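A.B. asks:
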Amino acid sequence: MAEMKDPSLREFHFTAQDFQRVRKMIYDHAGISLNDSKQELVYSRLSRRLRATGIRSFSEYLKLLEQNDEQEWEAFANSLTTNLTSFFREHHHFPLLADQLKKIGQTRTIVLWCSASSTGEEPYSMAMTAVDAFNSFTPPVKIIATDLDTNVLDTARRGVYAMERVEKLSEAVIKRFFFKGTGAQEGFVKVRPELQNMITFRKLNLLDATWPIRDRVDAIFCRNVMIYFDKETQLAILKKMAPLLRSEGLLYAGHSENFYHAEAYFKLRSKTVYELSAHMKTVQADKS
């Protein structure tokens, strides 16, 4: 077990028992599994909430949560959510997505779901891919982008990023898809409104009993999300995702994730890309 820092050096009283309570709360609320090595991270992130609320100990703070303070539960979950992302991260997925979009063509509205949108780089990358695939800023594509963290959703909706966030993109891509800020906004870029119009951002907890996804989707981006869940929780989520996909739909996963334990629902198609199992394809085809 990782060692706790000397309690006398801490700003707030934080015990091993407090940490175990936090672990259970975030697991029950969001399905996130925290191992013992995360104790210092938990202390650091939640200390900000204690300062903000004026509470002097973790035991008091956790009592506040147990009183079902909805606003504080949201802040609690936001504090413990990791939001590492970038434009066109795991680049090999996007040519495959472009091919998928072209194959479907203009026959109907194509629906994509980004299940952990974070600060928006991933769904905007999906939108840029759609624009390129159809050579149009009004492609027949709509993107549902969801996240548990309301703070990052606000950032994603604004679509404003520091220049450093786009420095790995070519100048041609930046010129095509972003407006560069001037004056007080110098050093920032804003995504074009056509991209924003393609995306609907929503709060969604993957552990919720029901999800506000009414459309059948052609692709689900669920990348670098499952690593925070145990296998049982992963399986429960994948079981719910499978019926949302069209029979030829694809599930895009992160580079360190595999879903072999969900073979009843998904099978590997190519590097970190899954399609529905034969049984699920039959079930979904019957819905068409």
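In case it helps, my numbering puts the sequence shown at residues 31 to 318. Even glycine gets a Cβ: it sits at the ideal position worked out from N, Cα and C. Just so it is clear, the structure is predicted and the values come from calculations on it, not from any experiment.
#1: Helix, strand or coil, according to DSSP, for residue 143 in the structure here?
#2: For residue 262, count the other beta carbons within 10 Å of its own beta carbon; 16 or more makes it buried, fewer makes it exposed. Which is it?
#3: If you draw a straight line from the alpha carbon of residue 32 to that of residue 80, how long is it in whole angstroms?
#4: With respect to the alpha helix (DSSP H) encompassing residue 79, which residues constitute its N-terminal and C-terminal limits?
#5: Are the Cβ atoms of residue 221 and residue 208 separated by less than 8 angstroms?
#6: Which same chain residues, not among the five before or five after residue 268, have their C-beta less than 7 angstroms away from its C-beta?
#7: Would you give the residue range spanned by the beta strand (DSSP E) that residue 51 belongs to?
#8: Is residue 295 helix, strand or coil by DSSP?
#9: Using DSSP's beta-bridge definition, name the partner residues of residue 41.
#10: With a threshold of 8 angstroms between beta-carbons, can residue 238 be considered close to chain D, or not?
#11: Work out the CA separation of residue 137 and residue 227 for me, nearest whole Å.
#12: Of all the options 121, 56 and 107, which has the alpha carbon lying nearest to the alpha carbon of residue 301?
#13: Considering Cα atoms alone, identify which of 179, 185, 142 and 182 is closest to residue 170.
C.D. replies: In short, the structure shows the following:
#1: If DSSP states are grouped into helix, strand and coil, residue 143 belongs with the strands.
#2: Residue 262 comes out exposed.
#3: The pLDDT assigned to residue 32 is 45, lower than 50, so where the model puts this residue is not dependable; a value taken from the coordinates is nonetheless given after this. Taking the straight line joining both Cα atoms gives about 23 angstroms.
#4: It spans 69 to 83 - the alpha helix (DSSP H) in which residue 79 sits, taken as one unbroken run.
#5: Yes, these two residues count as a Cβ contact at 8 angstroms.
#6: These residues qualify, in order along the chain: 289, 292, 295 and 296.
#7: Element bounds for residue 51: not the beta strand (DSSP E) but the alpha helix (DSSP H), 46 to 60.
#8: Here DSSP, grouped into helix, strand and coil, assigns residue 295 to coil.
#9: Per DSSP, residue 41 has no beta bridge partner at all.
#10: Among the protein chains of the structure shown there is no chain D, as only one such chain exists.
#11: Near 20 angstroms, if we compare the C-alpha coordinates of residue 137 and residue 227.
#12: Across the set 121, 56 and 107, the C-alpha of 121 shows the shortest separation from the C-alpha of residue 301.
#13: Of the candidates 179, 185, 142 and 182, the one whose C-alpha sits nearest the C-alpha of residue 170 is 142.
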